[in-house]
Amino acid sequence: MPSKNAQSRVADSVIAQLEQKILSGELVNGEPLPAERDLMESFGASRTVIREAILALSNRGLIESKPRYRPIVRKPNYETILNATGQIVQNLLTETGDVKNLYDSRVFIERGLVREAAVAATKDCIADLKAALAANKAAISDSAAFYETDVAFHGVLYRVCNNPIFPAIHMGYTAWLAPHWDKMLRSPERNELNFHAHQAILAAIMERDPDAAEDALKSHLDAAWEHVRTTFTQ
Numbered sequence: 000m001p002s003k004n005a006q007s008r009v010a011d012s013v014i015a016q017l018e019q020k021i022l023s024g025e026l027v028n029g030e031p032l033p034a035e036r037d038l039m040e041s042f043g044a045s046r047t048v049i050r051e052a053i054l055a056l057s058n059r060g061l062i063e064s065k066p067r068y069r070p071i072v073r074k075p076n077y078e079t080i081l082n083a084t085g086q087i088v089q090n091l092l093t094e095t096g097d098v099k100n101l102y103d104s105r106v107f108i109e110r111g112l113v114r115e116a117a118v119a120a121t122k123d124c125i126a127d128l129k130a131a132l133a134a135n136k137a138a139i140s141d142s143a144a145f146y147e148t149d150v151a152f153h154g155v156l157y158r159v160c161n162n163p164i165f166p167a168i169h170m171g172y173t174a175w176l177a178p179h180w181d182k183m184l185r186s187p188e189r190n191e192l193n194f195h196a197h198q199a200i201l202a203a204i205m206e207r208d209p210d211a212a213e214d215a216l217k218s219h220l221d222a223a224w225e226h227v228r229t230t231f232t233q
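Here the sequence shown is numbered in numbering that gives the first Met the number 0, starting from 0 and rising by one per residue.
Shown next, in the form of structure tokens:
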């Protein structure tokens, strides 16, 4: 029987080769990984080594594993990176100050995004913001639906620059802050205030006034923080 060190070296080799096949596209993104037995034959490795390699690649976000299904190849992108680090980030958010630091970074980014939107938003982007705002208004009486439309409205801002990094960051903020936002008390009255804040942001963007857009955005997010910050100590 091979020693543990020998098995570890074989596993490292299998991991490196599979990773290269994923990155090169030889193993197609979204397609199932070859069957376990086929991988054993292809690499001349034991079932234990193959399973160790699959687990390692899954931890890196290169493979999506589900019980009773063959693992799915996931070629890395910005979302992959954020998903892979998501649990680590959430584990860091143990104190109110930690959450506030993350929230402040969100405010910083969105202030820049609304300024860019006021200067350079296309007709399609404006149309997307109007549609998101309309959905936001329609959901005022339903707090769960309102939260989803709130996230969607801000999500449009992250797409303004046509830079794939920003939408991935938005997904990260949404996932990382969600456990804390779930503690927030919601009501139709509060939803309506948030809707009007979104309305002011869009109005400033449509007027092509970056200063007003930034002021409206910062006022909105500052008020949101004051509304929820006390929940993080509970």
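By construction, the Cβ of each residue, glycine as well, lies at the ideal position given by its N, Cα and C atoms.
Query                                                                                                                                                            : Result
Alpha carbon to alpha carbon, how far is residue 289 from residue 64?                                                                                            : Only positions 0 to 233 of the chain appear in this structure, which leaves residue 289 out of reach.
Measuring CA to CA, which of 47, 139, 74, 129 is closest to residue 188?                                                                                         : 139
Using a Cβ-Cβ cutoff of less than 7 Å, which residues in the same chain neighbour residue 51 once the five nearest sequence positions on both sides are dropped? : 10
Please return the same chain residues whose Cβ sits closer than 6 Å to the Cβ of residue 157, not counting the five positions on each side in sequence.          : 165, 166, 169
Does residue 233 come out as helix, strand or coil in the three-state DSSP assignment?                                                                           : Any reading at residue 233 needs caution, since the residue's pLDDT is 47, under 50, leaving its predicted position unreliable; the model's value is listed next. Three-state DSSP puts residue 233 in coil, outside helix and strand.
Report back the beta-carbon spacing between residue 61 and residue 73 to the nearest angstrom; my notes put them in contact at under 8 Å.                        : 6 Å
Apart from the five residues on each side of it in sequence, which residues of its chain come closer than 7 Å, Cβ to Cβ, to residue 21?                          : 61, 72, 74
Could you give the DSSP three-state label for residue 17: helix, strand or coil?                                                                                 : helix
Do you know whose CA, among 106, 118, 131, 121, lies nearest residue 223's CA?                                                                                   : 106
Is it true that the region 133 to 153 meets the region 113 to 121, where meeting means three or more beta-carbon pairs spaced less than 8 Å apart?               : no
According to DSSP, simplified to helix, strand and coil, what is residue 25?                                                                                     : coil
By how many angstroms is the C-alpha of residue 219 removed from the C-alpha of residue 18?                                                                      : 44 Å
Residue 189 lies in the alpha helix (DSSP H); which residues open and close that run?                                                                            : 187 to 205
Looking only at its own chain, which residues have a Cβ that is under 6 Å from the Cβ of residue 44, when we skip the five neighbours before and after it?       : 9, 13
Given a cut-off of 8 Å, decide if residue 128 and residue 201 are closer than it, judged by their beta-carbon atoms.                                             : yes
Return helix, strand or coil for residue 31, following the three-state DSSP convention.                                                                          : strand
Determine, using beta carbons only, whether residue 130 and residue 148 come nearer to each other than 8 Å.                                                      : no
Select from 212, 214, 67, 7 the residue whose C-alpha is nearest the C-alpha of residue 31.                                                                      : 67
Flag this pair as yes or no: are the beta carbons of residue 211 and residue 203 separated by less than 8 Å?                                                     : yes
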